[in-house]
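Residue numbers (our numbering): 960 to 1030.
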C-alpha cells in the first residue's frame, strides 16, 4: 500500500475544483509548489494580490496591522 500514496496537492485540487484525476493532474502542472516554514511570511497586508494559495498541510496565522501604521 505504500506505493499507492497519493499526492496531497492532487487531493486538494480535486476537492476544491471537483475535478477528476486527469484534469487535476493537468492543473497541477500549472501550479507552483511553495513551502513556507514556521515564522516565515507568505505575504503582508497591503501586498499586491496576483496569486491563489492552497493550504495542503499545516496552518496559517493572520496578523492584521492597525490602519495608518508605517513600517
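Glycine is no exception: its CB is placed at the ideal position from the N, C-alpha and C atoms.
Coil, strand or helix - residue i by DSSP
| i | result |
| --- | --- |
| residue 974 | helix |
| residue 1008 | coil |
| residue 969 | helix |
| residue 999 | coil |
| residue 1017 | coil |
| residue 993 | coil |
| residue 988 | coil |
Minimum C-alpha distance to residue i - residue among the options
| i | options | result |
| --- | --- | --- |
| residue 993 | 984, 985, 1010 | 1010 |
| residue 1000 | 980, 979, 1019, 977 | 1019 |
| residue 966 | 989, 976, 983 | 983 |
Across the stretch 1015-1025 and the stretch 996-1007, are there enough close Cβ pairs to call them in contact, namely three or more that are closer than 8 Å? yes
Segment contact, 8 Å Cβ cut-off, at least three pairs: the stretch 1009-1016 with the stretch 966-981: Flag = yes, the stretch 1009-1016 and the stretch 966-981 touch.
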